[in-house]
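Remarks on the structure that follows.
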Amino acid sequence: MKVIELMSTDVITVNQHDDLRLVDDIMAERRIRHIPVVEAGTLVGLVTHCDMCKAQMSSVMAYCDMSQRAFLHTISVQDIMTHPVVTIAPEASVTEAVSLILDQGIGCLPVMQQNRLIGIVTKTDLLEFLRALNSSEGPFKSHSDKQQVQSEYETHLDPLLSALVQDAYQPSALDLHYLNF
1 MKVIELMSTD VITVNQHDDL RLVDDIMAER RIRHIPVVEA GTLVGLVTHC
51 DMCKAQMSSV MAYCDMSQRA FLHTISVQDI MTHPVVTIAP EASVTEAVSL
101 ILDQGIGCLP VMQQNRLIGI VTKTDLLEFL RALNSSEGPF KSHSDKQQVQ
151 SEYETHLDPL LSALVQDAYQ PSALDLHYLN F
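Under the UniProt record's numbering, the first residue of the sequence shown is numbered 1, with each subsequent residue one higher.
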């Protein structure tokens, strides 16, 4: 199965001069943890939930919620974004995507075609794919497609997706610290 079959194509982006209050609002409203940063059609970075936690940590102790939101307005995306960004091609296999996410310790892969952002694949997308393999529903066009993917799963993906599931349920120290506030 290819990344293009799993990726989300409705990708929300920001530019590097936007402020973190906007990013915080988008993440909360859309319930997402990764926002690509695009300038003039070029991917220049990625803002993650962890990047936001780090920025908020510097102000958590000193400010109330309103003051913290005002503080976020003073910080631009370029100050905290992750760059360079690890990306993947739409024709890459799901196995390659899982390997990259695990090997690089990242939560998503922007999908690039001819230097243009066309989608994003996240750990959540990959976990939903795993669930679909074990149910009668899923992103399969036919029963033979599902059998082919299950064969690939048994050969290559099983250990990778098992590691992904284990990784997904181990919160980082930042997540735990952030949740305590």
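Every residue, glycine too, gets a C-beta built ideally from N, C-alpha and C.
None of these values were measured; they are calculated from a predicted model.
Query                                                                                                : Result
Exposure label - Gly45; buried when at least 16 CB within 10 Å                                       : buried
Collapsed DSSP secondary structure at His17 in the structure displayed                               : coil
Start and end residues, alpha helix (DSSP H) containing Ile80                                        : Val77 to Ile80
Residue(s) in a DSSP beta bridge with Ile88                                                          : Val111
Cβ-Cβ distance between Glu96 and Val3 below 9 Å                                                      : yes
Residue closest to residue 183, alpha-carbon to alpha-carbon, out of Val37, Thr74, Pro110 and Phe129 : Since the first residue of the chain shown is 1 and the last is 181, residue 183 is not available in this structure.
Proximal residues to Gln113 (C-beta, below 8 Å), its chain only, five neighbours per side dropped    : Ala89 and Pro90
Test item: CB-CB of Gly107 and Thr13 under 9 Å                                                       : no
For Gln56, the nearest candidate out of Gly41, Ile75, Ala40 and Arg31 (CA to CA)                     : Ile75
Assumed close pair Asp103, Met81 - CB separation to whole angstroms, cut-off 8 Å                     : Actually they do not touch by this definition, with Cβ atoms about 21 Å apart.
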